[in-house]
Amino acid sequence: MSSVIDIHPHVISDDEGRYPPAPLFGKRSDWSQERPCVVETLIAAMDEAGVAKAAVVHSSTTYGFDNSYVVDACNRYADRLIAVGSVDVRAPDAVETIKAWTDKGLAGLRIFTGGSTKDFDPTELEDERAWPAWELLGDLGLTMCIQTGPVGLPQVRALAERFPNVPIILDHLARPEVADGPPYAAAQSLFDLADLPSIYMKLTPRIMGDSTKGAATPETWFPKVVEAFGAERLAWGSNFPTSPGTLSEILATARQRLSSLSQADQAWIFGNTAASLYPSLAD
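First residue of the sequence shown? That's 1 in UniProt numbering, and the numbers climb one at a time after it.
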């Protein structure tokens with residue numbers, strides 16, 4: 001099997017003087033205070049788990065739009081890590097800001113419309129002030145991760161149609177409701193995006209857990225997702241250390257939940273898709 005690549009771990013500095021917290025929406029996430037993880041800890045966890053490389057996602061609920069730590073951290077381990085950061089894409093200087101961060105090493109962007117500290121607000125995804133930033137992503141060949149729930153999927157579709165050359169990766173599979181079980185009618189809004197080839201999905205501990213709730217089972221849910229999107233548009237992300245457990249435990253759970261898929265599909269999900277989205281992570 002190809003090398004394992006994780007596209008959703010986080011890092012938090014232990015030096016608040018050099019990297020002061022300034023969380024988006026003004027409330028710092030509990031996990032970033034209870035389970036902070038410096039980059040050296042992440043590398044050690046990757047070594048233990050057998051994870052070759054990672055696209056490290058900036059913690060918006062710790063640092064807002066200051067990507068300094070994730071960029072510095074990934075640059076220290078440039079052979080194994082790349083940084084995915086956050087910029088206020090609606091700001092008048094968004095284009096210049098993105099260029100400045102990419103010059104420092106940023107390899108992808110993320111929009112955080114809500115999550116652990118705030119309800120989702122999809123209006124950010126339909127703000128025309130962001131269009132120049134999206135145009136730049138297409139020009140630079142950068143991906144955009146979007147943290148939203150089902151409420152934001154109409155806006156995601158509109159963005160994918162407007163900017164078809166920007167790969168969009170939906171964090172946590174956009175948090176579908178799956179407890180109703182097969183045929184998973186409650187998740188139809190997610191499957192409705194399958195016709196858009198630029199939309200990709202992250203399979204993280206959240207959906208690994210949800211796939212065992214109610215009438216859902218991993219053996220019925222994940223093959224349906226693969227059938228809809230293709231494994232080449234699905235990628236594993238650990239959400240370490242946000243999600244409880246060691247990186248080894250999180251990876252083992254993901255492997256177990258996806259064990260009904262073919263070896264070829266698993267190879268895409270655990271590495272090949274990530275390498276296609278972030279070519280610098282390829283072997």
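A virtual CB, placed ideally from N, CA and C, is assigned to each residue, including glycine.
Note that the structure is predicted; figures quoted are calculated from it, not measured.
Which of helix, strand or coil does DSSP assign to residue i?
i, result
"V11", "coil"
"F270", "helix"
"R110", "strand"
"D6", "strand"
"A194", "coil"
"A282", "coil"
"R18", "coil"
"L277", "helix"
"P154", "helix"
"V38", "coil"
"A179", "coil"
"T242", "coil"
"G260", "Reading off the sequence, residue 260 comes out as Ser, not Gly. Coil, per DSSP."
"P23", "coil"
"D265", "helix"
"R255", "helix"
"D119", "coil"
"D127", "coil"
"P164", "coil"
"S189", "helix"
"S60", "helix"
"S32", "helix"
Considering only their Cβ atoms, is the gap separating residue j from residue i smaller than 7 Å?
i, j, result
"L125", "G152", "yes"
"L24", "G64", "yes"
"A49", "S243", "no"
"T204", "E232", "no"
"L281", "K53", "yes"
"D171", "C145", "yes"
"P9", "S238", "yes"
"K104", "V70", "no"
"I43", "Y278", "no"
"S59", "S32", "yes"
"F229", "A187", "no"
"L173", "M201", "yes"
"V39", "A73", "yes"
"residue 284", "V156", "It is not possible to answer for residue 284, since the shown part of the chain is limited to 1 through 283."
Could you tell me which residues DSSP puts in a beta bridge with residue i?
i, result
"M46", "DSSP lists no partner for M46."
"C145", "R110, I169"
"K53", "I5"
Just to check my reading of the structure: residue i and residue j have Cβ atoms closer than 8 Å, yes? What is that Cβ distance to the nearest angstrom?
i, j, result
"V11", "V56", "6 Å"
"T220", "P176", "Contact doesn't hold; Cβ gap of about 14 Å is too wide."
"G138", "F163", "6 Å"
"R35", "P241", "4 Å"
"A160", "S198", "5 Å"
Runs of beta strand (DSSP E) wholly within the region 64-105 (minimum 3 residues, chain order): 81-85
Residue ranges of each alpha helix (DSSP H) run of no fewer than 4 residues wholly in the region 199-240, ordered along the chain? 205-210, 218-229
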